[in-house]
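Here the structure comes first, spelled out in structure tokens, and everything after it is commentary.
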Amino acid sequence: MSGPVAIVTDSTATLPPEVAAERGIVVVPLQVVIGAQVHDEGSDGATPELVAAALKEWTPVSTSRPTPAALLEAYEAAAAAGAREVVSIHLSGEMSGTFESAQLAARDASIPVHPLDSRQVGVATGYAVLAAADVLDAGGSAEEALAAASARAAGSSSLFYVDTLEYLRRGGRIGAAAALFGGALAVKPLLEIRDGKVATLEKVRTAARALARLEELAVAKAGEQPVDVCVAHLASPDRAGELAARLTTRLAANLEGRDVWCGELGAVLGAHVGPGMLAVCVAPRSC
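Per our numbering, residue 29 is the first one in the sequence shown, and the count goes up by one each step.
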């Protein structure tokens with residue numbers, strides 16, 4: 029925490045630990061349950077690799093939100109460090125109870141806490157958090173930081189491909205009928221985050237066509253504006269690296285010298301999409 033307004037987020041924002049530390053951002057972990065073992069996301073027991081391996085072996089994997097008490101502890105630690113307010117930015121409340129936990133914790137905090145539902149997941153939430161940090165570093169208020177985070181999240185596009193809808197069905201993120209439809213017809217779905225929920229974008233017949241279409245959609249979302257772009261994957265590093273390289277070339281003007289970040293999806297989100305998932309986040313910098 030650096031300054032009168034602290035930022036708290038959750039581990040699904042996928043902020044690298046060194047970035048969170050440098051920017052003074054407090055990250056509260058969600059939990060991953062593999063079999064009967066409960067681990068904080070980011071710990072050695074809840075890595076993306078372990079989640080992918082468990083899913084491949086049909087070991088039960090589930091996730092749970094932070095408790096209000098865990099978030100309240102983060103808020104009170106910020107207050108003890110000198111913060112007078114907290115901006116608490118989280119993944120979509122349509123897909124997790126984390127935002128609700130933040131709202132409950134805010135009621136008991138000793139300083140004003142402003143919870144924000146990003147209506148996004150993963151890196152798109154992370155970009156919103158960093159937008160808030162930029163405002164605060166420039167001397168802005170909590171209200172201005174919230175507005176910047178909301179705008180960045182709303183302007184971002186989260187697109188993704190999954191090898192199968194089964195993992196999303198198991199986690200309750202899509203209906204059983206949709207998963208059955210996809211499996212029966214060997215459809216490779218392209219999905220997006222729409223209104224805070226997982227929504228079908230397109231249905232494509234083969235994986236190769238789906239990935240090519242994912243690339244085209246990402247380029248179209250970027251348009252001619254400056255953007256940040258991230259490619260995330262679960263147990264599919266080669267395909268992710270190839271996609272990131274192609275987007276780096278095709279969006280060179282939009283990136284303005286920045287790299288396309290490419291890395292493994294966090295364990296919590298990975299538990300719901302399964303091995304083979306590829307995601308692209310396109311976040312306009314003008315938001």
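Using N, Cα and C, we set each Cβ at its ideal position, and we do this for glycine too.
Just so you know, these numbers come straight off a predicted model, no measurement behind them.
In the three-state reduction of the DSSP assignment, Gly-31 falls in the coil class.
Taking all protein chains in view, the Cβ of Ala-166 is surrounded by fewer than 16 other Cβ atoms within 10 Å, so the residue is classified as exposed.
Annotation for Gly-154: the continuous alpha helix (DSSP H) segment containing it runs 151-165.
Remark: C-beta atoms of Met-305 and Ala-272 do not approach each other more closely than 9 Å. DSSP lists Leu-219, Ala-307 as the beta-bridge partner residues of Phe-188. Around the C-beta of Lys-231, fewer than 16 other C-beta atoms lie within 10 Å, and the residue is accordingly described as exposed. Here Pro-94 carries a coil assignment [DSSP, helix/strand/coil]. Judged by pairs of C-beta atoms under 8 Å, the segment 143-161 touches the segment 41-48, as three or more such pairs exist. Note that the C-beta distance between Ala-156 and Ala-130 is not below 9 Å. Thr-277 sits exposed, since fewer than 16 C-beta atoms from the chains shown fall within 10 Å of its C-beta. For Glu-230, the enclosing beta strand (DSSP E) covers residues 225-232. Pairwise C-beta distances place the segment 46-63 in contact with the segment 78-94, as three or more of them are shorter than 8 Å. If you draw a straight line from the Cα of Ala-170 to the Cα of Gly-298, it is about 32 Å long. Gln-131: member of the alpha helix (DSSP H) spanning 126-136, first to last residue. Counting along the chain, the unbroken alpha helix (DSSP H) around Ser-178 starts and ends at 170-183. In this structure, Val-247 sits near Leu-275, with a CB-CB distance shorter than 9 Å. Boundaries of the alpha helix (DSSP H) around Asp-266: 265-278. With the rule of 3 Cβ pairs closer than 8 Å, the segment 99-116 does not count as touching the segment 71-85.
In this chain, the alpha helix (DSSP H) harbouring Glu-243 covers 235-250. Assigned with DSSP and collapsed to three states, Gly-110 falls in coil, not helix or strand. Residue range 289-292 is occupied by the beta strand (DSSP E) that includes Gly-291, with no alpha helix (DSSP H) assigned at that position.
Secondary structure at Pro-45: helix, using DSSP grouped into helix, strand and coil. Straight across, the Cα-Cα distance linking Gly-294 with Lys-249 is about 24 Å. Ala-64 carries a coil assignment under DSSP once its states are collapsed to helix, strand and coil. When the Cα atoms are used, Glu-292 and Ala-263 turn out to be separated by approximately 8 Å. Per DSSP, reduced to three states, the secondary structure at Pro-88 is coil, with no helix or strand assignment.
Here Asp-38 is bridged, per DSSP, to Val-56. The residue among Thr-126, Glu-104, Val-163, Ser-124 with its C-alpha nearest the C-alpha of Ser-138 is Glu-104. For Thr-234, the number of other beta carbons within 10 angstroms of its own is below 16, and it is reported as exposed.
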